Structures are given as structure tokens and as C-alpha cells.
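One point on numbering: in numbering that gives the first Met the number 0, the residue at position 73 of the sequence shown is 72, and numbering is uninterrupted.
Note that CB positions come from ideal geometry on N, CA and C, so glycine has one too.
Nothing here was measured: the structure is a model prediction, and the numbers come from that model.
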Amino acid sequence: MTVEEKQEVTSHQVSTFGVELLRDVLLPEILGKHSEEVMYWSGKHLARKFPVADEAELVSFFHEATWGYLTKQSESRTGVVFECSGEYIEKRLSLKETPSFSLEAGFLALQVEQQVKRRTESTYTIEKRKKKVTFTLKWEEFVK
């Protein structure tokens, strides 16, 4: 692919309709009651395949994956809170009553775990009125 062709491909907005069909319709039907857990662990698997070095790369990955715009809201000695918003989040929230963000939660959990070097888990809260998703990550404290 030439540079011009690559620029043309990246300049066009790519439709996320196919991804939405798989993620919000087909996979939940196939996985049934295990959908949330499988998507969470799938997110962790993706984090192993696509490690990021720091928060800036994490934010960039979310944007490139069309998962939304990720921003850190707060951090303490035992965890961190991220907010994800943007057009893709708004669209998913408008198309499905309760879309799953377990894939993103699992991805965040392992990426942060690798950075803080402590076992980390993530939960999420959908804030439909504010058109955003909040991810709360907690890690284990060091035992002295």
C-alpha cells in the first residue's frame, strides 16, 4: 500500500456497525449468562497482546480502538478512576439499554496492573444521562 493509499484509508471515517453487531448482539447471544465474564477476560487477553507503556499510550489505544475518549478522573494509593466518553460511547448507549463495557474494563485492569505492579481489578458504571462510562480500578496494597 502506498503512502497516498494509506492516507486515504485513514482519512475516511470507518463504520463501527459491524463491531457493534458482533459485540452488542451476536456475542451476548452466544455467550449467554457468561457474556460479562468472557468479555472481561477477553479484555485482559487483549491487554497482554497490546501492552502500553504509560497513561498516554492507554488513552491513545482507546481512541484508536474506537472505544472512546479516556480521561483519568482521580487516583489514590489504592486505585484510579477513568471516564470514557465520546461519539462511540453515546452511540452504544443510545442503541442498547445496557451495553457491556466489560471488554474495556478487563483491558484497563491488566494494563494498570502491569504499570503499578499490583493485582488490579476493574468495575464500570454507565452514566446514561451524562453519556459516559466510569471505570473504577482497585489494586491490592503492599503487605508489610
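Counted within 10 angstroms of its Cβ, other Cβ atoms place residue i as buried (16 or more) or exposed
i: residue 132; result: buried
i: residue 10; result: Bear in mind that the predicted position of residue 10 carries a pLDDT of just 45, short of 50, making it unreliable; the figure below should be weighed with that in mind. When all chains shown are included, residue 10 counts as exposed.
i: residue 21; result: exposed
i: residue 27; result: buried
i: residue 5; result: Summary for residue 5: the model assigns pLDDT 48, below 50, so the residue's position carries little reliability; its value from the coordinates is reported in the next sentence. Exposed, because fewer than 16 other Cβ atoms sit within 10 Å of the Cβ of residue 5.
i: residue 29; result: exposed
Residue i versus residue j - alpha carbon distance
i: residue 130; j: residue 94; result: 12 angstroms
i: residue 41; j: residue 47; result: 10 angstroms
i: residue 53; j: residue 32; result: 34 angstroms
i: residue 51; j: residue 110; result: 7 angstroms
Check whether residue i and residue j have beta carbons under 8 angstroms apart
i: residue 15; j: residue 80; result: no
i: residue 36; j: residue 77; result: no
i: residue 58; j: residue 69; result: yes
Nearest-angstrom beta carbon gap, residue j and residue i [assumed within contact, 8 angstroms]
i: residue 119; j: residue 126; result: The Cβ separation is near 22 angstroms, so there is no contact.
i: residue 83; j: residue 61; result: 7 angstroms
i: residue 102; j: residue 38; result: 5 angstroms
i: residue 108; j: residue 99; result: Contact flag wrong, Cβ pair sits at about 15 angstroms.
Residue i CB to nearest heavy atom of the ligand FAD below 7 angstroms
i: residue 14; result: Summarising the ligand content, the structure contains no ligands, and the ligand FAD is consequently not present.
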